[in-house]
Structures are given as structure tokens and as C-alpha cells.
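Student:
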Amino acid sequence: MSLVHLTATEQKQLLTTGKISSLELIEAYLDRIATHNEKVGAYLRISADSARRSAKDIDARRAAGQPVGKLAGLPIAVKDVLCQRGERTTCASKMLEGFRPPYSATVIENLIAEDAILIGRTNMDEFAMGGSTENSAFQQTHNPWDLERTPGGSSGGATACVAASMAPLSIGTDTGGSIRQPAAFCGVVGLKPTYGRVSRFGLVAFASSLDQVGPVAHTVEDAALLLEVIAGHDPRDETSLPDPVPSFSATVGKPIKNLRIGVVADHFSEGLDSEVEAAVRAAIETYASMGATIKEITLPHAKYAVATYYVIAPSEASSNLARYDGVHYGYRTDEPAMLAELTLERKQLAAEGRQDAADAIDSALVRMYRRTRAEGFGPEVKRRIMLGTYALSAGYYDAYYLKALKVRRLIRQDFDRAFEEVDLIASPVTAAPAFRLAEMADDPLAMYLVDLYTVSANLAGIPGISLPCGQTSTGLPIGLQLLAPALEEERLLQGAHMMEQATEWHTQRTPHL
Amino acid sequence: MSISRADVAKVSLLARLQLTDEQLNEMTEQLGQIVSYVEQLGEVPTEGVEPMAHAIELRNAFADDVAQASLPRGEALENAPHPSEEGYLVPAVLGD
Chain A
286 MSLVHLTATE QKQLLTTGKI SSLELIEAYL DRIATHNEKV GAYLRISADS
336 ARRSAKDIDA RRAAGQPVGK LAGLPIAVKD VLCQRGERTT CASKMLEGFR
386 PPYSATVIEN LIAEDAILIG RTNMDEFAMG GSTENSAFQQ THNPWDLERT
436 PGGSSGGATA CVAASMAPLS IGTDTGGSIR QPAAFCGVVG LKPTYGRVSR
486 FGLVAFASSL DQVGPVAHTV EDAALLLEVI AGHDPRDETS LPDPVPSFSA
536 TVGKPIKNLR IGVVADHFSE GLDSEVEAAV RAAIETYASM GATIKEITLP
586 HAKYAVATYY VIAPSEASSN LARYDGVHYG YRTDEPAMLA ELTLERKQLA
636 AEGRQDAADA IDSALVRMYR RTRAEGFGPE VKRRIMLGTY ALSAGYYDAY
686 YLKALKVRRL IRQDFDRAFE EVDLIASPVT AAPAFRLAEM ADDPLAMYLV
736 DLYTVSANLA GIPGISLPCG QTSTGLPIGL QLLAPALEEE RLLQGAHMME
786 QATEWHTQRT PHL
Chain B
4 MSISRADVAK VSLLARLQLT DEQLNEMTEQ LGQIVSYVEQ LGEVPTEGVE
54 PMAHAIELRN AFADDVAQAS LPRGEALENA PHPSEEGYLV PAVLGD
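Top line first, the protein sequences correspond to chains A and B.
Quick note: the first sequence uses my numbering, first residue 286, plus one each step.
Quick note: the second sequence uses my numbering, first residue 4, plus one each step.
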């Protein structure tokens, strides 16, 4: 077994005991990336030189007996949505193709403070909007288990790079399932923390009341280690929670006594793939065989979660993305061409005798905004901006946005009630395994419905994890989702770890790469 | 309630997006589908339910009132597509 197939925790052990150097580890990954990234397309950019420099520095400090951080010498991939000072941060959008932020995200600072080595930036759906990474303006990412299939999204690069052993750890973001769904499709572990657990400072905003940064890894133990590093209060993010962060990596191995697992009958209704159903039911059986109590619960408003989400998230997105105006940073349309277009339109309208229309035409400034945004954003981002602008516009605000906020509270209250009776809720992550690339491209609504099992956790703000629990007959990974009450990541990780200990799915690596 | 092509054209101005005729047609159809899907929210009784704007409802988050350096002008302008030495340039607004 090569170095790149080990878990981060195993690699850390080898580094700590001096059996390997960080530079060796980095070189092993750079080799692996050189061989496989072209096929998988997980990384947008690799920072080989700076990664080597950091590795040498950490090796020297370790050799000199100096203290090193919790992630010392381990390579980490970062989704291209977190700002790093002076380094390109594109959100996989033409709009931010050349953008170099003047400051770093707190998550990036936390990783560097613990001596992690930032090895590269991963592909994603543009501005994290999508579930297949096909909305990237730059490249296609392929599922390492079957290159003709999607890795999922929006953190598809983040999960594909771990699945293809091109990074032991990676950072994703999850607004409606964007860590958990691709983690399930790629057969890795992905965790969305409680809203506010991880700072959003320096995270390019999509839907601010839903976005969370979280870890992707081969195992629950590795995810616990990474979460421990990135979590914590940040005064620069006013929605950041002040609660202390438990030592997740120290407690993850402790099984939960008298565990009560909640199961929702509606989660196993029509539309669920039979192999996914069988794998998830088998996982629940595994808990029962470990002595857990399985209890049926109801989440009566869960069926409205997707509708609620697709009002709230686009509304917030339309407001957040208003900042891309071609003025302050990012892409701007060709101005002479824009002015020529405008002049021509005016003349044509005047010649047709439509003076009213000629007078009502965009001003040069408005046309500059409109062309900039038309050229800089891809179709899905435009769709969500339009949807959000519509939902927030005069006359529709109460019917859509305000209504959705009320249903959101009912969804949250369902969880509050459920967690009075159970410790964790188990469900599928997705109704089906990874679909084929381009399969959903022409059907936005069908694509949105893929988020069925994941969006509720974002709306309610609670943490969720996806971990491998099986494979289809054709060898595609299947994920199990566990949800916990707000701030109970420790319980979530312990519960997930129990499953991992009882099964072998987390040891599976892609057979073809 | 259906969403018309004129609605979509109006929203595209509000959203500062320029759409071609073809895109306008496609957007009208797709938004129509999505909007009719989300209209199922209308069947949920929500009388007396307080809207929930944020996932975790924090009390006021106060920061100490300490003056800090802001981003230097040069750095703030570094990513601008069309800056002058001291500001952002936009197409002429007056006399247009």
C-alpha cells in the first residue's frame, strides 16, 4: 500500500515518529496528482512549489525538536471558494477568474497555524451552486469510481481528490448538501458542521444563513481531526458561535452508550433506489446489532424542505451576488463594445419611430452591469439570481420569501421535537448513486430535487455527516447520512465512528485509479 | 400563478442581467417550473409562526469598539478591472 492510500491519522503517526518526512509525503501526492488529475479533474490549480517549501520548513522544525501543529506536514486541498491572501480564488467562475483576495479566510489561517500544507485548489460548481460540479466555468470533474459519472457537487473536486487519493484531507462547503452529497457519490466522509461552528470570514458567500465550511476525509477519525482545527469562534464573523470546541479527535473513538437512532418512514418511500435503500437499512441494522435502539420518528415538514430551500437560498444568493458589478473586482465587459451596442440599439429604435423605447433603454452604467454579469456568470448562477430577485421583488416577498422563512421554523421545530426522543437521525444522503455526467443538465428542477435528504440540515442549522455504507452492484459508493442536534458534532462523529468500526466501507479505494 | 415573459424581462433588469431573447424564453419556462414547484409552500399553515431568518438565532453579537486599520487604497484597488489611481472608474453616469 502506497503512502497516499493511508488515512491522514496514519500519515500523521508516520510523520510524528519520523518514519517519513513531510516532503516525501508531499512528493507522493504530487506524483499521484500528476498521474491522475487530468483524468479526474479534481484540482483547478496545484501549489507544488509552495507545498514543497512548507514541507521542508516543517521537516526542519520537527528535526530541530520545535513544536509543530496538529496537521503538521499533511497536505490539504481547499475548495476554490475560500479566500487566501494574494492567491487566486475563482469560485470556478469567469467572474473571479483573476481575483486575488487581499486577505485570508479564517479557515485558511487556522489550517496554516496548525502547519497544514495547502497543496491545491479544487473544482466546484460555480459559486457553489449545483450538485454535479458541471457548473464550473473551467473544467469537468469526474467521479473517481466511474469517470463517466459526476462526483456530485458543489464540492465535487473536494471529494473527488480525496476519493482518488490525491489528498488525504480537503475542505468543502455545504449550503444545501454540497459536502454530504458529493461525499456520498465519491465514497468518502464529509461533514457539515452546525451553522456558526466554523467561521465564514473569507468564505465567498452564496447563501449566508445556510453556508458552512466542513471537512472531507477518508475516515471519521480524520474528519474529526480536521474539524477540530477549523472550528471555533471568530470575532470577524458575527454569526460565529462562541461555544468551546471539544477535542473531536480525542473523543471520536468513544462509542455512545444506549444510542437511540431515529428513522423517518418517509425517507424510504417511492423514488429511493433499491440498492441505496438496502445499504442504508443494513447500516441501521448494524446500529441495532451494536445495541442501539431504533426508533421511528416523523419530520412532518421535511417534504417542504426543497421548496423552502429554493426560495431562501436563491434570495440570499441574489443579494450576495449583487456585489459582482464589474467595478470593484472581478470581470468587466468590454466597454467600447458595450457603448457601441447601446448606441446602435438607440438608433434602431429611433429609426423605427419607437422613441419611448429608445428613451427607456439602459443607461451606460446599467448596461455595463448587465453585460458584465451576463458574460461573467454561468446559466445556473443566473437562474438562481433571477429566482431570488423574483422572490424578493415587490408583490412577491410575502408569498415566497416570508412564507419560506416561516416554513423554515416549522422544519427546525420538527427536528427539536425529534431530538427529544433520539440522539441521531439516520437516512440516505441521496435517493440514488452518482448519476451520469450531463444526465441532469437540461432539467434544473430535477437537479434541485437531488437535495431532498440534505437541505433540511442547512435550514435547521444542525450538523450532518455522510459516510460510506455500501456499494451498488456496479461498484458505485452509497452514503449514510447522520444528523445531530445543533453543536453536537462530538456525538455525530462518535456515532459515525461506531458504524465505521463495524464495517469496512471506509477502507475501500477506487479500483481503477 | 404563472410567471410571464414580461415578468422575467423586468426581473432581469432588477437583477442587472442582460438576457438574449432565447435566454428570456428559456428562463421564463424554467422559472415557471421552479416557481410552481415552490408554490406548494402555500399549503402549509403558518399563521402565528415567527419567520426564521437565521439557522442559529444569536443574541446581539457585539464587538469591542476598537479602531482598526482598513484596507489600504492600493490593495483595495488592486483587483479592480478599471481603476484610476484613487478610485474605481465607471461609464459616464451624467449627460448620458
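We treat Cβ as the ideally placed atom computed from N, Cα and C, and that holds for glycine.
It should be emphasised that the depicted structure is a prediction, and the values quoted were computed from it without experimental measurement.
#1: Exposed or buried, which one is Ile646/A when buried takes at least 16 other CB atoms within 10 Å?
#2: Please confirm whether Ala469/A and Gly442/A have their CB atoms less than 9 Å apart.
#3: Drop a sphere of 10 angstroms on the beta-carbon of Gly51/B, count the other beta-carbons inside from all chains shown, and report buried for 16 or more, exposed for fewer.
#4: Quick check on Asn605/A - is its C-beta less than 9 Å from some C-beta in chain B?
#5: Can you tell me which of Leu624/A, Leu672/A, Val474/A puts its alpha carbon nearest to the alpha carbon of Glu785/A?
#6: Only counting the same chain, and skipping five residues up and downstream in sequence, which positions put a Cβ closer than 7 Å to that of Arg370/A?
#7: Do Pro748/A and Pro762/A have their C-beta atoms closer together than 9 Å?
#8: By the 7 Å beta-carbon criterion, what residues does the region 520-535 of chain A contribute toward chain B?
#9: From Ser525/A to Ala492/A, what does the alpha carbon distance come to, in whole angstroms?
#10: Looking at C-alpha atoms only, which residue of Ala592/A, Val549/A, Pro527/A is the closest neighbour of Ile579/A?
#11: According to DSSP, is Lys667/A part of a helix, a strand, or is it coil?
#12: Residues of chain B with CB under 9 Å from Pro729/A, in chain order?
#13: On the three-state DSSP scale, how would you describe Asp10/B?
#14: Specify the secondary structure class of Gly405/A as computed by DSSP and reduced to three states.
#15: Under three-state DSSP, which class holds Gln756/A?
#16: With 16 as the cutoff for other CB atoms within 10 Å, does Asn420/A come out buried or exposed?
#17: Whose Cβ in chain B lies nearer than 8 Å to the Cβ of Glu620/A?
#18: According to DSSP, is Gln766/A helix, strand or coil?
#19: Looking only at its chain, what residues have a beta carbon closer than 8 Å to the beta carbon of Leu300/A, apart from the 5 residues adjacent to it on each side?
#20: What residue from Cys446/A, Gly547/A, Ala508/A, Thr391/A has the CA that sits closest to Arg485/A's CA?
#21: Unbroken alpha helix (DSSP H) runs of length 4 or more, entirely within the region 547-622 of chain A: which are they?
#22: Any idea if Phe720/A is buried or exposed, counting beta-carbon neighbours within 10 angstroms, 16 or more meaning buried?
#23: What residue range is occupied by the uninterrupted beta strand (DSSP E) comprising Pro540/A?
#24: For Glu372/A, list the residues DSSP reports as bridge partners.
#25: Listing by chain order, which chain B residues have their CB less than 7 Å from the CB of Thr593/A?
#26: Of the residues Ser741/A, Asp496/A, Tyr609/A, which one's Cα is nearest the Cα of Leu367/A?
#27: Could you list which residues in chain B have their beta carbon closer than 7 Å to that of Ile670/A, in chain order?
#28: Are the CB atoms of Arg668/A and Met30/B nearer to each other than 9 Å?
#29: So the candidates are Arg465/A, Asp459/A, Pro467/A, Ala502/A; which of them puts its Cα closest to the Cα of Ser450/A?
#30: Taking DSSP as the reference, what is the three-state secondary structure of Gly517/A?
#31: List, in order along the chain, the chain B residues whose C-beta lies closer than 8 Å to that of Leu510/A?
#32: Going by DSSP in three states, Gly481/A sits in which element: helix, strand or coil?
#33: Output the distance between the C-alpha atoms of Pro796/A and Gly462/A, rounded to the nearest integer angstrom.
#34: Does the contact criterion of 3 or more C-beta pairs under 8 Å hold for the region 767-778 of chain A versus the region 733-749 of chain A?
#35: Could you please tell me which residues of the region 472-485 of chain A, in chain order, have their CB closer than 8 Å to any CB of chain B?
#36: Under 7 Å Cβ to Cβ from Thr536/A, same chain only, skipping five residues before and after it: list those, please.
Tutor: With the structure as the only source:
#1: By one-based count along the first sequence, residue 646/A stands at place 361. Classification for Ile646/A: exposed.
#2: For this step, residue 469/A is matched to residue 184 along the first sequence. For this step, residue 442/A is matched to residue 157 along the first sequence. No, these two residues do not count as a Cβ contact at 9 Å.
#3: The count along the second sequence starts at 1 and reaches residue 51/B at position 48. So Gly51/B counts as exposed.
#4: As a working mapping, residue 605/A is identified with position 320 in the first sequence. With 9 Å as the cut-off, Asn605/A does not count as an interface residue toward chain B.
#5: Along the first sequence, one-based indexing puts residue 785/A at 500. Ranking the options by Cα distance to Glu785/A, first place goes to Val474/A.
#6: Within the first sequence, numbered from 1, the residue matching residue 370/A stands at position 85. The beta carbon of Arg370/A lies closer than 7 Å to those of Pro386, Pro387, Tyr388, Ser389 in the same chain, with the five residues before and after it left out.
#7: By one-based count along the first sequence, residue 748/A stands at place 463. By one-based count along the first sequence, residue 762/A stands at place 477. For Pro748/A and Pro762/A, no; Cβs fall outside 9 Å.
#8: Those would be Pro520, Glu523, Thr524, Leu526, in chain order.
#9: Here residue 525/A refers to the residue found at position 240 when the first sequence is read from its first residue. Here residue 492/A refers to the residue found at position 207 when the first sequence is read from its first residue. Approximately 15 Å between the Cα atoms of the pair.
#10: Residue numbering aside, residue 579/A sits at position 294 when the first sequence is read from its first letter. Looking at the Cα atoms, Val549/A is the closest of the given residues.
#11: By one-based count along the first sequence, residue 667/A stands at place 382. The answer is helix: DSSP assigns Lys667/A an H, G or I state.
#12: On the first sequence, residue 729/A is found 444 positions in, with the first residue counted as 1. Think of a sphere of 9 Å around the beta carbon of Pro729/A: the chain B residues whose beta carbon falls inside it are Gln33, Gln36, Ile37, in chain order.
#13: Indexing the second sequence from 1 puts residue 10/B at position 7. In the structure shown, Asp10/B sits in a helix (DSSP, three-state: H, G or I).
#14: For the purposes of this step, residue 405/A is taken as residue 120 along the first sequence, with counting starting at 1. In the three-state scheme derived from DSSP, where H, G and I count as helix and E and B as strand, Gly405/A is classed as strand.
#15: As a first step, residue 756/A must be located in the first sequence, where it is residue number 471. Note: Gln756/A maps to strand in three-state DSSP.
#16: What you label residue 420/A is simply residue 135 of the first sequence in a count that begins at 1. It counts as buried.
#17: On the first sequence, position 335 is the one that residue 620/A refers to. By Cβ distance, chain B contributes His85, Pro94.
#18: Within the first sequence, residue 766/A is the residue found at index 481, counting from 1. Note: Gln766/A maps to strand in three-state DSSP.
#19: Working through the first sequence from its first residue, we reach residue 300/A at position 15. Excluding positions up to five away in sequence, the list reads Ser306, Ser307, Leu310, Arg347, Ala357, Gly358, Leu359.
#20: Along the first sequence, read from residue 1 onward, the residue named residue 485/A stands at position 200. Ranking Cys446/A, Gly547/A, Ala508/A, Thr391/A by Cα distance to Arg485/A puts Thr391/A first.
#21: 559-574, 590-605
#22: By one-based count along the first sequence, residue 720/A stands at place 435. Label assigned to Phe720/A: buried.
#23: Your numbering for residue 540/A matches position 255 in the first sequence. Counting along the chain, Pro540/A falls outside any beta strand (DSSP E), and DSSP gives it neither H nor E.
#24: As a working mapping, residue 372/A is identified with position 87 in the first sequence. DSSP lists Gln369/A as partners of Glu372/A.
#25: By 1-based counting over the first sequence, the position of residue 593/A is 308. In chain order: Leu44.
#26: Counting from one through the first sequence, the residue named residue 367/A turns up at place 82. Considering only alpha carbons, the answer is Asp496/A.
#27: Taking the first sequence and counting its residues from 1, one reaches residue 670/A at position 385. Result: Ala18, Leu20.
#28: As a first step, residue 668/A must be located in the first sequence, where it is residue number 383. As a first step, residue 30/B must be located in the second sequence, where it is residue number 27. Yes, these two residues count as a Cβ contact at 9 Å.
#29: Counting from 1 along the first sequence, the entry for residue 450/A is found at position 165. Among Arg465/A, Asp459/A, Pro467/A, Ala502/A, the Cα nearest to that of Ser450/A is on Ala502/A.
#30: Stepping through the first sequence from its first residue, residue 517/A is reached at position 232. Correct three-state label for Gly517/A: coil.
#31: As a first step, residue 510/A must be located in the first sequence, where it is residue number 225. Those within 8 Å of Leu510/A in chain B number zero; the least Cβ separation is about 24 Å.
#32: Start at 1 with the first residue of the first sequence, and residue 481/A comes out as number 196. Here Gly481/A sits in coil by DSSP.
#33: Stepping through the first sequence from its first residue, residue 796/A is reached at position 511. Stepping through the first sequence from its first residue, residue 462/A is reached at position 177. Pro796/A and Gly462/A have their C-alpha atoms roughly 26 Å apart.
#34: yes
#35: Thr479, Tyr480, Gly481
#36: Mapped onto the first sequence, residue 536/A falls at position 251. Around Thr536/A, the same chain offers Glu775, Gln779 as residues with beta carbons nearer than 7 Å, after the five sequence neighbours per side are excluded.
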